[in-house]
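So the sequence shown is numbered by the working numbering: it starts at 2 and just counts up by one.
Glycine included, each C-beta is placed from N, C-alpha and C at the ideal position.
Bear in mind that the values here come from a model prediction, so they are computed numbers and not experimental data.
Structure first, then comments.
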Amino acid sequence: PGSPILYYGDEIGMGDNIWLGDRDAVRTPMQWTPDRNAGFSPCDPGRLYLPTIMDPVYGYQVTNVEASMSSPSSLLHWTRRMIEIRKQNPA
């Protein structure tokens with residue numbers, strides 16, 4: 002029962018910033034690359050509306066779209082396969 006749902010960053014296993022209040026913990030910049038500001042913006046990090054995740058496991062230096070795209074066993078590739086299977090098998 003229910004509908005499959007993907008929230009922002011779920012497809013790469015992106016974490017959250019537990020030090021931010023309210024729902025901001027899960028609204029940090031998308032982690033595109035291991036570069037400055039996770040590849041989200043070239044601006045000074047202090048100018049971002051919310052800071053990037055600086056966790057040793059889920060932080061942008063390790064968990065990002067670029068790294069996920071280059072790893073066939075990544076959560077991103079698994080998620081894409083599951084979406085294709087779902088499309089082939091309508092409910």
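CB of Ala30 within 7 Å of CB of Thr53, strictly: Inspection of the sequence shows that residue 30 is occupied by Pro rather than by Ala. Yes, Cβ-Cβ distance for Pro30 and Thr53 is below 7 Å.
Alpha-carbon to alpha-carbon, Asp17 and Arg48: 19 Å
Contact under 7 Å by Cβ, Ser71 with Ile13: no
Arg28 versus Gln89 - alpha carbon distance: 32 Å
Thr80, enclosing alpha helix (DSSP H) - first and last residue: Leu76 to Gln89
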